[in-house]
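Using our numbering, the first residue of the sequence shown is number 185, and each one after it goes up by one. Beta carbons are placed, not taken as given, at the ideal position from N, Cα and C, and that holds for glycine. Values in this document were obtained by computation on a predicted structure and should not be read as measured data. To start, the structure itself, in structure tokens.
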Amino acid sequence: MRFAIGDTTVDVIVDDDNFTSPLPEFFPGYDPQVIEAHRDVLEPVFVDRGLARFAIQSFVLRTGGRTLLIDCCIGEHKDIPEIPAWHQRRTSSFLEQLRRADVDPAEIDLVFCTHLHVDHVGWNTRQDNGRWTPTFPNARYLFGRRELADWMAQHDAGKALPIHARALEQSVIPIVEAGRADLVDDGYEPGRGLRLVPLPGHTGGQMGLVVEQARHRAIFCGDAIHNPLQIFQHGLSTSSCVDPKLAAETRTKILAEAADSGRLVVPAHFRGPRCAHIHAHSGGYAPVFDTNA
Ligand SMILES: [Zn+2]
């Protein structure tokens, strides 16, 4: 699937298009009446029979002669016993989808991980003779300085949950050790009309990528929004957010700015059209599924 933000083309590379989680587990504060009121939009693509539905996907941006990959999904051969469908996966269509989008892994210039959760770093590395090596051999990998520092402090203190610790060991630390990582801060500009912005709350150091090229605008906002349900109920954070209140503030700010500026919102895990414009109305927001930025 491909869409455009002005001159920038965006290819969507889907690693898992049907990851599901029971609504009360994933969204402990969800309001069944909101789902009832917006059943026509939410069901069955985003919510179905008590389950929230997600895609795990990457976005390949071609802009200004450079190729940028946003988020790195699950990967193959990774130890993720907490999620059996992702544990020691031997085959996926990820690299084949890249090829079909006419993207050679060696041609990726930049990889940007919005944050360092297991479903955003997997394809950073691949197995090569028992070692984790960069999947994109010529890319610089952009990691948020604060995000990496937070996780490494937890890891080194033995306080990171095993699923997070293994993600670092299999998919992040090998990139740092290979000398391929660039630690970046809010405001960093990875290209013309591209800027990293802070999106704290889901993790402490999550960042998004804002695209502003002439009158075309978009924000790749990682896990600040997981599901369109959180556009209708914008205070709704997930059970995996480190600071649910801050995550809700960040989300509300994204929605307000998008409604105001016409920015296309591109969260990491939307199925269906993968992105949305935001319409503001009396005290709330609604998605408008039109992919033209
Ligand atoms: Zn995620």
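Looking at C-alpha atoms only, which residue of the options is the closest neighbour of residue i?
i    : options                   : result
H453 : G190, S421 and F203       : F203
C350 : I264, Q217, S424 and G190 : The displayed chain sequence assigns Arg, not Cys, to residue 350. Nearest of I264, Q217, S424 and G190 to R350, Cα basis: I264.
P358 : A460, G190, E331 and T319 : T319
F164 : L430, V198 and Y325       : For residue 164 there is no data in the structure shown, the boundaries of the chain being 185 and 477.
D444 : L420, G456, Y469 and A432 : Y469
L279 : R237, A269, C256 and P268 : C256
D370 : R364, S355, R376 and M391 : M391
S355 : G213, R447, R273 and D303 : D303
V305 : G375, I254, S466 and G446 : I254
R274 : R250, Q311 and L294       : Q311
K437 : V295, Y325, G377 and V381 : V381
A290 : A323, L352 and A344       : A323
I462 : A442, R455 and G456       : A442
D474 : A269, T247, L420 and P457 : P457
R401 : R376, E331 and C297       : R376
V426 : A464, L282, L345 and H465 : L345
R329 : K343, A365, T309 and H348 : A365
L393 : L245, M336 and R233       : L245
H301 : L352, G342 and A341       : L352
T193 : V287, E433, G342 and Y325 : V287
P428 : E266, G342, R223 and Y214 : Y214
Q241 : H465, R186, Y372 and Q217 : R186
Could you please give me the residues that DSSP links to residue i through a beta bridge?
i    : result
Y469 : A464
P318 : T309
V381 : G392
R250 : T247
L226 : Looking at the DSSP assignment, L226 forms no beta bridge with any residue, so it has no partner.
I189 : T192
C257 : H304
I409 : In the DSSP output, where bridge partners are listed per residue, I409 has none listed.
Would you grab the beta carbon distance between residue i and residue j for me? Rounded to a whole angstrom, and I think it's under 8 Å.
i    : j    : result
D200 : I292 : Their Cβ separation, rounded to whole angstroms, is 20 Å, which puts D200 and I292 out of contact at 8 Å.
H386 : H261 : With 8 Å as the limit, H386 and H261 do not qualify as a contact, their Cβ atoms being about 26 Å apart.
V450 : C459 : 4 Å
V395 : L378 : 6 Å
L294 : L332 : At roughly 16 Å, the Cβ-Cβ gap does not stay under 8 Å, so L294 and L332 are not in contact.
S421 : A431 : 4 Å
F296 : P212 : Not a contact, Cβ separation roughly 30 Å.
L383 : A408 : 5 Å
Y325 : N308 : 6 Å
How far does the beta strand (DSSP E) with residue i in it reach, from first residue to last?
i    : result
R246 : L235 to T247
V278 : Per the sequence shown, the amino acid found at residue 278 is Phe instead of Val. Careful: F278 lies outside any beta strand (DSSP E), inside the alpha helix (DSSP H) at F278 to R284.
P358 : Segment I357 to E361 is the alpha helix (DSSP H) holding P358; no beta strand (DSSP E) there.
R324 : R324 to G328
I403 : H400 to F404
V295 : L294 to F296
Is the distance from the Cβ of residue i to the Cβ of residue j below 8 Å?
i    : j    : result
L367 : F416 : no
F210 : A236 : yes
D334 : G388 : yes
D195 : A285 : yes
V231 : L413 : yes
R435 : I403 : no
A239 : R399 : no
H410 : L439 : no
G234 : P206 : yes
Going by DSSP, what residue range makes up the alpha helix (DSSP H) through residue i?
i    : result
F350 : Checking the sequence shown, residue 350 turns out to be Arg, not Phe. Segment P346 to A351, the alpha helix (DSSP H) holding R350.
L367 : Run containing L367: none in the alpha helix (DSSP H); it sits in the beta strand (DSSP E), A365 to V368.
L448 : From DSSP, L448 is part of no alpha helix (DSSP H) but of the beta strand (DSSP E) over L448 to V450.
K429 : P428 to S445
Q217 : P216 to A221
Can a CB atom of chain C be found closer than 8 Å to the CB of residue i?
i    : result
V196 : Chain labels in this structure do not include chain C; a single protein chain is all it has.
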